[in-house]
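A.B. asks: Sending over a structure as structure tokens; questions will come in a sec.
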Amino acid sequence: EAMDLLDLNEEAVSSREVLGLVSSDRLSVWSARLEAEGVPLEEGEVVAAVRCKGSDDEMLEHAIRISNGSSPSALLLECRVSYEEVPPSSLVEFSFHTNDENDSWRLSNVSLPWLVAYRKGKFADWEKRMLNPSCKAEFRRMYEVGPVFTIYDHHMFPSDAQDVNKFQVVDEATGKTVVIPRPVKRLRIWNTDMQEYEEVKATLDGAPEDREKYWIDLKQKLKDAFGDDEFQDMITKPSS
């Protein structure tokens, strides 16, 4: 029995081609997101890849969950920006690491078109926080992390549980938790036509070309704004 499969415009696809099973490497990248959503793959369950043509002639790849004792179903996950449900292959994958270890890749919560739109303005937002921090703890940790020239957002690119606290501080004046930007190192997305990953630009719009010079100049700007003594106090960890 044919399943109802929709394109990203929520219209019925015009063609479908079963490509085979989704590889274990790709499924391992999806696993953290599936577990967080409360829909992990069960033992013995497999996922089939089905390449479809949308109403706009754009190709997309649906993932179909197949298990014993239940009807096949399309695996759909929410883009947290558009709130649309899309196949996993339509979501960008990310890594906080520069090496090529496969287990460093994770499935994000954002689709490619919305990522492209979201890159705008994020560099200016980070710079504004550096120049006007909400508290010393925020400034100190952001200074430790260093300049952020690539995309960041803890909702779209969540850290693993063991790393969450490394990018949080407490504002001593209010007691509120402040989330520190954690820059993504690499982005990629699955190309269903080529059946391989392609790199996605992680650099923020407006980020300087000469990054080293920018950081030197910004540190001087911060010293001038806060004064040498205050600046040193802000970047010095309090004694425990």
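In the working numbering, the protein residues as written are 23 to 262. Every residue, glycine too, gets a C-beta built ideally from N, C-alpha and C.
1) Measuring CB to CB, does D134 end up less than 9 Å from I238?
2) Within 10 Å of its beta-carbon, does P260 have 16 or more other beta-carbons around it, so buried, or fewer, so exposed?
3) Going by Cα to Cα distance, which pick from K144, H177, Q190 and S156 is closest to P169?
4) With DSSP as the reference, label M178 as helix, strand or coil.
5) Thinking G42 and A71 are a contact (beta carbons under 8 Å), I'd like their distance in whole angstroms, please.
6) When you compare the CB positions of T225 and T172, do they come within less than 9 Å of one another, or not?
7) Consult DSSP for Q254 and reduce its assignment to one of helix, strand or coil.
8) Using three-state DSSP, classify N213 as helix, strand or coil.
9) Could you tell me which of E221, V68 and G91 sits nearest to L113, measuring between CA atoms?
10) Got a sec? Which residues, its chain only, sit under 8 Å from A96 by beta carbon, not counting five neighbours each side?
11) What's the call for V192, buried or exposed, on a 16-neighbour Cβ count within 10 Å?
C.D. replies: According to the structure shown:
1) What sits at residue 134 in the sequence shown is Leu, not Asp. Contact: no.
2) exposed
3) K144
4) coil
5) 6 Å
6) yes
7) helix
8) strand
9) E221
10) M25, L27, H84, A85, I86, R87 and P109
11) exposed
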